[in-house]
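Top line first, the protein sequences correspond to chains A and B. This note's numbering puts the first residue of the first sequence at 277, with every later residue one more than the last. This note's numbering puts the first residue of the second sequence at 277, with every later residue one more than the last. Every residue gets a Cβ at the ideal spot worked out from N, C-alpha and C, and that includes glycine. Note that the structure is a prediction, hence the values are computed from the model and not measured.
2 protein chains.
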Amino acid sequence: MIHLEEVAKLAQVSLSTASRALSKPELVAKETRKRVLEAARKLGYEPNQAARSLRQRSSRTLGLIITDILNPFHATLAKGVQDAAEKHNYTVFLFNTDEEPEKERRALNTLRGHLPKGLILVPTSKAQENLQLVGNLPILELDRSSGTPGVHSIMVDNLGGSKTAVQHLIALGHRRIGMIVGRMDISTAVERFQGYCEALKEAGLPYQEDLVLHGNHREMGGRIAAHALLSRPPETRPTALFVGNNEMTVGAVLSANELGLRIPRDLSIVGFDDSRWARTMSPALTVVAQPDYDLGFLACETLLGFLARGSPQTTNLRLATTFLVRESTAPPGGLVNGLVLSERRINI
Amino acid sequence: MIHLEEVAKLAQVSLSTASRALSKPELVAKETRKRVLEAARKLGYEPNQAARSLRQRSSRTLGLIITDILNPFHATLAKGVQDAAEKHNYTVFLFNTDEEPEKERRALNTLRGHLPKGLILVPTSKAQENLQLVGNLPILELDRSSGTPGVHSIMVDNLGGSKTAVQHLIALGHRRIGMIVGRMDISTAVERFQGYCEALKEAGLPYQEDLVLHGNHREMGGRIAAHALLSRPPETRPTALFVGNNEMTVGAVLSANELGLRIPRDLSIVGFDDSRWARTMSPALTVVAQPDYDLGFLACETLLGFLARGSPQTTNLRLATTFLVRESTAPPGGLVNGLVLSERRINI
DNA sequence: AGTTTGACTGAAAACGATTGCAAATGATTC
DNA sequence: GAATCATTTGCAATCGTTTTCAGTCAAACT
Numbered sequence: 277m278i279h280l281e282e283v284a285k286l287a288q289v290s291l292s293t294a295s296r297a298l299s300k301p302e303l304v305a306k307e308t309r310k311r312v313l314e315a316a317r318k319l320g321y322e323p324n325q326a327a328r329s330l331r332q333r334s335s336r337t338l339g340l341i342i343t344d345i346l347n348p349f350h351a352t353l354a355k356g357v358q359d360a361a362e363k364h365n366y367t368v369f370l371f372n373t374d375e376e377p378e379k380e381r382r383a384l385n386t387l388r389g390h391l392p393k394g395l396i397l398v399p400t401s402k403a404q405e406n407l408q409l410v411g412n413l414p415i416l417e418l419d420r421s422s423g424t425p426g427v428h429s430i431m432v433d434n435l436g437g438s439k440t441a442v443q444h445l446i447a448l449g450h451r452r453i454g455m456i457v458g459r460m461d462i463s464t465a466v467e468r469f470q471g472y473c474e475a476l477k478e479a480g481l482p483y484q485e486d487l488v489l490h491g492n493h494r495e496m497g498g499r500i501a502a503h504a505l506l507s508r509p510p511e512t513r514p515t516a517l518f519v520g521n522n523e524m525t526v527g528a529v530l531s532a533n534e535l536g537l538r539i540p541r542d543l544s545i546v547g548f549d550d551s552r553w554a555r556t557m558s559p560a561l562t563v564v565a566q567p568d569y570d571l572g573f574l575a576c577e578t579l580l581g582f583l584a585r586g587s588p589q590t591t592n593l594r595l596a597t598t599f600l601v602r603e604s605t606a607p608p609g610g611l612v613n614g615l616v617l618s619e620r621r622i623n624i
Numbered sequence: 277m278i279h280l281e282e283v284a285k286l287a288q289v290s291l292s293t294a295s296r297a298l299s300k301p302e303l304v305a306k307e308t309r310k311r312v313l314e315a316a317r318k319l320g321y322e323p324n325q326a327a328r329s330l331r332q333r334s335s336r337t338l339g340l341i342i343t344d345i346l347n348p349f350h351a352t353l354a355k356g357v358q359d360a361a362e363k364h365n366y367t368v369f370l371f372n373t374d375e376e377p378e379k380e381r382r383a384l385n386t387l388r389g390h391l392p393k394g395l396i397l398v399p400t401s402k403a404q405e406n407l408q409l410v411g412n413l414p415i416l417e418l419d420r421s422s423g424t425p426g427v428h429s430i431m432v433d434n435l436g437g438s439k440t441a442v443q444h445l446i447a448l449g450h451r452r453i454g455m456i457v458g459r460m461d462i463s464t465a466v467e468r469f470q471g472y473c474e475a476l477k478e479a480g481l482p483y484q485e486d487l488v489l490h491g492n493h494r495e496m497g498g499r500i501a502a503h504a505l506l507s508r509p510p511e512t513r514p515t516a517l518f519v520g521n522n523e524m525t526v527g528a529v530l531s532a533n534e535l536g537l538r539i540p541r542d543l544s545i546v547g548f549d550d551s552r553w554a555r556t557m558s559p560a561l562t563v564v565a566q567p568d569y570d571l572g573f574l575a576c577e578t579l580l581g582f583l584a585r586g587s588p589q590t591t592n593l594r595l596a597t598t599f600l601v602r603e604s605t606a607p608p609g610g611l612v613n614g615l616v617l618s619e620r621r622i623n624i
């Protein structure tokens with residue numbers, strides 16, 4: 277490894293001048309700076325981040341903790357964050373918690389040792405407690421809120437998105453609308469559930485507890501819940517289903533297929549979060565789409581902006597969802613006049 | 277932040293003893309060690325990795341560079357690597373190159389400054405050149421080979437997997453079998469193409485250049501290539517298609533749908549790499565499945581094993597693929613006697 | 001008893017950058 | 001022409017660990 281000292285020697289300046297030439301350009305004469313830069317380039321110098329971090333007591337890195345890298349939604353969030361970070365010459369430490377608070381705790385501890393400048397995370401249910409570990413590190417919560425005071429956050433309008441989805445089903449004539457909700461210790465699940473309730477209420481429909489089941493946010497959870505709902509006799513079986521996240525939606529659709537229910541004739545389905553799977557499955561799925569990439573990108577930009585400007589107050593953003601009507605929703609009993617609904621966008 | 281010095285003070289030992297108690301337990305008296313551990317726990321001490329890395333001239337981190345985090349195959353690789361790394365208390369720096377050599381170069385430079393102990397990467401086409409940057413860092417190439425001498429590698433048996441797939445199509449009676457190949461500057465594409473050629477040759481079928489098109493490994497590439505192949509008149513149109521990776525397969529299927537070709541009646545399709553999409557689409561896709569998670573996990577284990585044991589020679593592993601026959605392949609012209617092929621596994 | 005051995009421990013020197021301070025230089029002001 | 005100022009530079013301290021080296025002490029030999 278080439279050290280700064282060798283660069284300094286080649287450029288005929290002192291170590292300190294070389295350092296300044298690279299990281300505090302305005303403090304050094306133009307000519308000198310050029311010499312140093314040239315020398316660094318020629319030697320292929322790359323600063324030792326460990327030394328730099330040690331001295332500055334902080335490193336040009338961000339921590340990123342997501343709960344499921346195999347979920348395309350989260351992978352996209354991660355890509356958004358990374359792209360933004362790279363743009364600002366930040367490096368990202370990525371951790372995956374599999375929704376397990378214990379893994380989150382370990383990730384936070386490890387991260388702490390690396391002196392990141394900030395942290396972006398999709399919190400698990402125990403995040404409020406776990407976040408005590410990292411002291412006063414600037415934190416931004418992504419996609420969900422853990423309720424920890426003083427942290428920035430950027431989420432989507434879960435309530436509004438859900439409400440629109442359920443209103444759509446109601447408008448089609450559905451009256452027994454089931455919902456598969458996520459875990460109620462996670463904010464998105466609660467908000468989406470609220471949207472469902474509000475839509476029912478405003479339409480004057482009763483809330484029926486037995487139409488709402490919970491899943492663990494993964495495919496199998498959706499499958500089990502859907503199976504329980506859909507294997508009821510036709511009179512009590514819901515004619516439409518609103519599912520609280522992308523993975524559970526897959527499970528719900530598979531379950532409907534297994535039971536021989538035709539979508540949308542026997543069952544309308546709306547999912548939360550778009551995906552290629554939703555777009556290309558047959559019939560294409562009606563969904564509440566989230567701006568996943570933007571969510572990640574903006575999260576990073578927001579946090580870095582805060583770090584740069586150091587404004588005192590916390591930022592809390594909500595991005596709008598987009599409701600995409602495709603082919604998985606129709607009036608109860610099937611298509612009217614063989615009408616095929618083409619995809620159209622409704623901004624909400 | 278708590279420093280080791282404060283831990284030492286609380287445990288009534290010197291700084292050096294405290295350090296040894298934590299990282300070289302065998303050099304310290306049992307009693308002393310217990311005191312130090314207790315003090316560290318009580319204070320919530322977490323070692324400053326920057327200081328440690330600086331002193332040791334190396335950090336307990338690994339670099340991981342993949343080419344497309346949005347591709348579930350790569351996301352799964354990453355998860356495998358991360359899980360294995362975590363098991364050994366290593367932290368992973370993840371970079372994404374989008375298949376762009378320039379991004380790869382930047383990632384390598386950044387990584388260099390962080391003094392990782394090793395590097396796992398899915399190489400881009402310019403990796404051999406880019407890898408010069410990192411000197412003699414232990415490197416493992418994952419999924420593909422860049423041809424760089426002296427690096428470890430772990431890949432799947434692309435040739436064998438492809439060959440089996442094409443043999444399956446031939447056995448079904450297909451004679452005009454098209455292939456959508458990836459970029460020939462990437463080893464997996466070349467090997468899969470070879471498998472295709474070998475299968476044809478061994479069956480005594482001629483190689484027809486016009487049945488082979490190239491795509492850029494992404495959905496759109498597959499779609500364009502498939503469109504070109506499938507919009508030919510029935511006499512020259514291939515009756516079966518073998519597609520070289522998961523994303524392009526999606527494109528190919530969509531293209532077939534657009535052209536009104538029914539799968540498998542009008543067209544049999546086999547993809548390389550399984551995915552949920554392949555499993556749940558209708559009809560379910562026949563694929564050459566790769567052990568994606570294991571590939572990543574083993575990659576990490578292999579590299580760490582090498583680091584620990586420091587054995588001199590390089591490891592080059594090949595994992596077997598699994599051929600999964602589902603519903604997207606049938607004799608040309610459609611199902612025989614309405615036979616529905618159920619999913620079965622063939623280990624090769 | 002004296003020497004050797006071994007197990008522990010502590011003082012101090014690294015690791016490679018950044019940065020506060022002071023000195024040198026040249027330009028500007030009075 | 002002296003004093004002041006701004007610009008540019010170098011010296012040396014510093015960040016928090018690990019690790020070398022030397023030293024202490026008790027046990028185990030001869």
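Can the beta-carbon of residue i be found less than 8 Å from the beta-carbon of residue j?
i: B:N406; j: B:R381; result: yes
i: A:L338; j: A:L395; result: yes
i: B:N492; j: B:R468; result: no
i: A:I462; j: A:A528; result: no
i: B:F548; j: B:S421; result: no
i: B:V519; j: B:I545; result: yes
Residue i to residue j, Cα distance in whole Å?
i: A:A284; j: B:R331; result: 22 Å
i: A:N623; j: B:M431; result: With a pLDDT of 43 at A:N623, under the threshold of 50, the modelled position of that residue is not reliable, and no figure is offered here.
i: B:L574; j: A:R513; result: 47 Å
i: A:N385; j: B:I446; result: 56 Å
i: A:A504; j: B:L346; result: 33 Å
i: B:A584; j: B:T578; result: 10 Å
i: A:G449; j: A:P607; result: 6 Å
i: A:L600; j: A:S587; result: 37 Å
i: B:L489; j: B:E376; result: 22 Å
i: A:N613; j: A:T590; result: At A:N613 the pLDDT is 46, less than 50, meaning the model places this residue with poor confidence; the figure from the coordinates comes in the next sentence. Using only the alpha carbons, I get a separation of about 53 Å.
i: B:Y541; j: A:W553; result: Per the sequence presented here, residue 541 of chain B reads as Arg, with Tyr not at that position. In a straight line, the C-alpha of B:R541 is about 23 Å away from that of A:W553.
i: A:T352; j: A:I341; result: 13 Å
i: B:S290; j: A:G356; result: 46 Å
i: B:R620; j: A:A441; result: Bear in mind that the predicted position of B:R620 carries a pLDDT of just 43, short of 50, making it unreliable; the figure below should be weighed with that in mind. Each residue's Cα considered, the two are about 39 Å apart.
Locate the alpha helix (DSSP H) running through residue i, then write down its first and last residues.
i: B:H350; result: P348 to K363
i: B:V521; result: It is Asn, not Val, that sits at residue 521 of chain B in the sequence shown. Element bounds for B:N521: n/a, residue is neither H nor E.
i: B:E307; result: K306 to L319
i: B:T562; result: It is not in any alpha helix (DSSP H) - B:T562 instead sits in the beta strand (DSSP E) that spans T562 to A565.
i: B:H444; result: N434 to A447
So with CB distances below 7 Å, who are the chain A contacts of residue i?
i: B:E322; result: N385, R388 and G389
Quick one: which chain B residues come within Cβ less than 9 Å of residue i?
i: A:M557; result: W553, T556, M557 and S558
Rank the options by C-alpha distance to the C-alpha of residue i and give the top, closest one.
i: B:H390; options: B:K379, B:R333 and B:D359; result: B:R333
i: A:P509; options: A:L535, A:A465 and A:Q484; result: A:L535
i: B:N324; options: A:L543, A:L303, A:L387 and A:A361; result: A:L387
i: A:G471; options: A:F369, A:E314, A:K379 and A:T597; result: A:T597
i: B:L571; options: B:V398, B:A441, B:K363 and B:S290; result: B:V398
i: B:V427; options: B:E485, B:S604 and B:L593; result: B:L593
i: B:E322; options: B:A361, B:K477, B:A351 and B:H279; result: B:H279
What residues from chain A crowd round residue i, counting only those whose CB sits closer than 8 Å?
i: B:F349; result: Residues of chain A passing the Cβ test: none, with the nearest at roughly 11 Å.
i: B:Q443; result: The contacting residues do not exist; B:Q443 stays about 28 Å from chain A at best.
i: B:T367; result: F369, T386 and H390
i: B:L517; result: Going along chain A, no residue has its Cβ under 8 Å from B:L517, so there is no contact; the nearest lies around 17 Å.
i: B:L571; result: The contacting residues do not exist; B:L571 stays about 14 Å from chain A at best.
Find the residues of chain B that neighbour residue i, judging by a C-beta separation of less than 7 Å, and give them in chain order.
i: A:F548; result: Ordered by position in chain B, no residue passes the 7 Å Cβ test against A:F548, which lies about 17 Å from the chain.
i: A:I342; result: Those do not exist, as A:I342 stays about 11 Å from chain B at its closest Cβ, beyond 7 Å.
Quick one: which chain B residues come within Cβ less than 8 Å of residue i?
i: A:K355; result: I345, L346 and N372
i: A:Q566; result: By Cβ distance, chain B contributes nothing, its closest Cβ being about 15 Å from A:Q566, past 8 Å.
i: A:L583; result: None at all; the shortest Cβ gap to chain B is about 18 Å.
So residue i contacts chain A; which residues on that side make the cut at Cβ distance below 9 Å?
i: B:V526; result: R552 and T556
i: B:T562; result: Chain A residues near B:T562: none, gap ~17 Å exceeds 9 Å.
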